[in-house]
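Student: Mind looking over this structure? Questions follow.
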């Protein structure tokens with residue numbers, strides 16, 4: 001959800017490619033590669049889109065982002081995996097960032113704070129008839145569902161370069177930070193508690209407030225501490241290393257073909273001289 005599905009646990013590690021071949025043969029295309037969680041995300045996206053709770057600008061954002069990623073993938077950062085031998089080049093691996101156990105714990109915290117708790121908050125809002133709470137948290141959940149789905153599809157296809165894959169969480173996180181700011185302002189400025197409120201109602205309102213703040217803190221830190229200074233530069237570094245290796249491989253193949261043609265030309269010349277000498281005799 002923060003680029004982690006693309007950063008950790010590479011999908012095409014050359015050391016384990018043989019182990020994945022039986023599973024890959026069973027996927028049967030892109031739809032076959034969608035796991036249950038991804039299908040659930042599609043369901044969430046459809047429900048959120050049809051509910052009228054997501055602003056038009058947030059509905060249009062995933063479409064515009066997808067088109068932009070496709071354009072730069074073709075024009076600016078074309079994939080280079082087909083030009084490299086995955087068995088010989090470590091750069092051909094899909095992995096961008098290898099995280100430690102502490103980093104994995106950080107990912108679990110982000111998944112809980114960013115996905116599971118807001119989803120519980122929205123479902124609780126439906127159950128309690130709290131339309132304001134549902135309307136405040138739904139845009140964040142919609143964009144996060146689109147981000148996770150896009151990350152997983154982009155990673156499973158293996159047809160996108162590291163910079164393009166790194167831009168997926170970066171673009172979505174930038175947009176979601178602004179959405180979460182609106183969420184924080186709404187629950188703190190517009191939600192008021194009356195003296196007649198029950199303890200359960202007070203706990204519910206404060207839960208929504210602290211959840212909004214927790215999301216703002218986590219994803220702001222994720223953007224400015226991890227994605228921009230670490231994840232994105234590493235993706236570009238990996239891509240340019242792959243490009244240099246691809247150019248070197250292309251030049252080597254060109255020299256090899258030229259040497260092969262030279263050898264064939266020498267052999268043909270020697271054969272022609274032999275024939276001429278035989279005719280002269």
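Residue numbers (the UniProt record's numbering): 1 to 281. Where a beta carbon is used, it is the ideal one built from N, C-alpha and C, also for glycine.
Count the C-beta pairs between the stretch 179-187 and the stretch 64-79 that are closer than 8 angstroms, then say yes if the count reaches three, no if not.
Tutor: As far as the Cβ criterion goes, the stretch 179-187 does not touch the stretch 64-79, which means the pair count is below three.
Student: Could you tell me the boundaries of the alpha helix (DSSP H) in which residue 209 lies?
Tutor: Per DSSP, residue 209 belongs to the alpha helix (DSSP H) from 199-221.
Student: Counting only the same chain and skipping the five closest in sequence on each side, list residues whose C-beta sits under 8 angstroms from that of residue 58.
Tutor: Same-chain partners within the cutoff: 139, 142, 143, 175 and 179.
Student: Would you kindly work out how many angstroms separate the C-alpha atoms of residue 248 and residue 147, rounded to a whole number?
Tutor: Spanning the two alpha carbons is a distance of roughly 35 angstroms.
Student: Closer than 7 angstroms by C-beta to residue 26: which residues in its own chain qualify, once you throw out the five before and the five after it? Chain order, please.
Tutor: With a pLDDT of 40 at residue 26, under the threshold of 50, the predicted position of this residue should be treated as unreliable, and no value is reported.
Student: Whose C-alpha, out of 204, 145, 240 and 98, is nearest the C-alpha of residue 188?
Tutor: The residue with the shortest Cα to Cα distance from residue 188 is 204.
Student: How many angstroms separate the CA atom of residue 31 from the CA atom of residue 42?
Tutor: For residue 31, the pLDDT reaches just 43, beneath the cut-off of 50, and the residue's location in the model is therefore unreliable, although a value from the coordinates is still provided. Roughly 12 angstroms separates the two Cα atoms.
Student: Quick one: complete alpha helix (DSSP H) runs, 4+ long, within the stretch 147-208?
Tutor: The stretch 147-208 contains these whole alpha helix (DSSP H) runs: 162-185.
Student: Roughly how many angstroms separate the alpha carbons of residue 154 and residue 70, rounded to a whole number?
Tutor: Rounded to the nearest angstrom, the two C-alpha atoms are 11 angstroms apart.
Student: Would you report the Cα separation of residue 261 and residue 250, rounded to the nearest angstrom?
Tutor: Near 17 angstroms, if we compare the C-alpha coordinates of residue 250 and residue 261.
Student: Got a sec? Which residues, its chain only, sit under 7 angstroms from residue 38 by beta carbon, not counting five neighbours each side?
Tutor: Cβ within range, chain order: 149 and 152.
Student: Once DSSP output is grouped into helix, strand and coil, what is the label at residue 232?
Tutor: In this structure, residue 232 counts as helix in the three-state DSSP scheme.
Student: For the pair the stretch 105-122 and the stretch 213-223, tell me if three or more CB-CB distances fall below 8 angstroms.
Tutor: Short answer: they touch.
Student: Roughly how far, in whole angstroms, is the beta-carbon of residue 192 from the beta-carbon of residue 223, given that I think they are within contact range, below 8 angstroms?
Tutor: So it is not a contact: roughly 31 angstroms between Cβ atoms.
Student: Where does residue 64 fall in DSSP's three states?
Tutor: The answer is helix: DSSP assigns residue 64 an H, G or I state.
Student: In angstroms with no decimal places, state the Cα-to-Cα distance between residue 132 and residue 246.
Tutor: Cα to Cα, residue 132 sits roughly 54 angstroms from residue 246.
Student: Determine the burial state of residue 46: buried for a count of at least 16 other Cβ atoms within 10 Å of its Cβ, exposed for fewer.
Tutor: Result: exposed.
Student: In terms of alpha-carbon separation, which member of 109, 119, 211 and 122 lies closest to residue 184?
Tutor: Measuring from the Cα of residue 184, the nearest candidate turns out to be 211.
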